[in-house]
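Here is the structure we will look at.
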Ligand code: BTN
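Residue numbers (my numbering): 9 to 333.
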């Protein structure tokens, strides 16, 4: 029996007796008990009360295509070609790239309850426990090569911030190149991956990871200060399906229009959310360090670092930015 078999039955947050669960699955109560223990491994804390049974306090909202589609604006529905909702996958970006290799194209969206090998920037792992956060990848196709995509990942950060603002969540800040922060703690991140011809027709996978209700057992593996929507909303985070719909309402139009607009209309909105505007910073790239003052981004999305030698554009890649201590 897969680890997750009991979850749809417990998703409502109500108590279910061991016997009811056993009958529904056609297995013994001992088998149910073993399954309940396995849910802990997924970061889902099952409560057991004598005489009442078992429940997942607060329940879990599983990804649901009907609910996500119901939250999409009409023009966005027209841009969505396929909505692929998986239970467990290595990485939604990796899956999207596999679909691209198999002929999948613009408008393919892939999300999953859990990633076993979620990818972060600079080779890091993205902590991706079951049914608690959002892992979303969107495919789009462009014809002018990688150069025409400059600034796209920054624009994605702005789009995500707008999607969360539409849900009534507090404002976010962006950390160059594409971390989503709230009060200095990391709420989410963006990872773009490309396939095809870097000088011509190429497919881009726009990957977004957003912490919604990170279980503390999973958070032990996160090596930086983090937060989640549950925390920043004071415990009243919107459901994950509503968040996915809001993200797609922003991301699909952005992906579809970026070849025409480029980064220009996104630059000022990005600057308005810049967490490090006019702040002393140090750029880290391998062993190299470069200190300066962050002065926003240029029209290509490069960070403008003011050094003793003047303004220097810093392009993305393996570079990381930290506040100067
Ligand atoms: C970062 O390091 O800040 C970027 C994190 C990006 C994580 C998302 S989750 C959905 C998509 N699939 C992945 O494997 N990574 C991205």
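Yeah, the Cβ is synthetic: ideal placement off N, Cα and C, and Gly gets one too.
Return the bridge partner residues of residue i from the DSSP annotation.
i, result
"residue 148", "212"
"residue 302", "287, 313"
"residue 40", "Paired residue(s): none; residue 40 is not in a bridge."
"residue 232", "Bridge partners of residue 232: none, in fact."
"residue 282", "182"
"residue 331", "289"
"residue 174", "According to DSSP, which records beta bridges pairwise, residue 174 is partnered with nothing at all."
"residue 187", "183, 197"
"residue 62", "24, 56"
"residue 202", "212"
"residue 321", "312"
"residue 262", "None; residue 262 has no bridge partner."
"residue 217", "143, 197"
Judging by CA-CA distance, which residue of the options is the nearest neighbour of residue i?
i, options, result
"residue 265", "16, 84, 204", "84"
"residue 18", "55, 34, 39, 35", "55"
"residue 52", "166, 92, 21", "21"
"residue 176", "237, 305, 106", "237"
"residue 10", "245, 151, 50, 210", "50"
"residue 143", "153, 128, 154", "128"
"residue 93", "249, 197, 180", "249"
"residue 216", "206, 167, 230", "167"
"residue 182", "302, 294, 262, 13", "302"
"residue 259", "163, 232, 107", "163"
"residue 269", "203, 150, 132, 290", "150"
"residue 299", "330, 285, 271", "330"
"residue 296", "222, 328, 239, 206", "328"
"residue 165", "152, 172, 154, 186", "186"
Roughly how many whole angstroms lie between the Cα atoms of residue i and residue j?
i, j, result
"residue 147", "residue 65", "35 Å"
"residue 61", "residue 39", "15 Å"
"residue 230", "residue 123", "15 Å"
"residue 316", "residue 225", "45 Å"
"residue 68", "residue 243", "14 Å"
"residue 348", "residue 189", "Any question about residue 348 goes unanswered here, given that the chain covers just 9 to 333."
"residue 191", "residue 228", "20 Å"
Touch check for the stretch 84 to 104 and the stretch 115 to 122: three-plus C-beta pairs under 8 Å? Using a Cβ-Cβ distance cut-off of 8 Å, the stretch 84 to 104 and the stretch 115 to 122 are in contact, since at least three pairs of beta carbons, one from each stretch, lie closer than that value.
Contact between the stretch 155 to 174 and the stretch 268 to 288: three or more CB pairs below 8 Å? Result yes; three or more Cβ-Cβ pairs closer than 8 Å.
When you compare the stretch 68 to 77 with the stretch 250 to 259, are there three or more beta-carbon pairs, one atom per stretch, that lie closer than 8 Å? Flag = yes, the stretch 68 to 77 and the stretch 250 to 259 touch.
Does the stretch 202 to 217 come close enough to the stretch 35 to 46 to have 3 or more Cβ pairs within less than 8 Å? They do not touch, by the three-pair rule.
Touch check for the stretch 121 to 140 and the stretch 96 to 109: three-plus C-beta pairs under 8 Å? Short answer: they touch.
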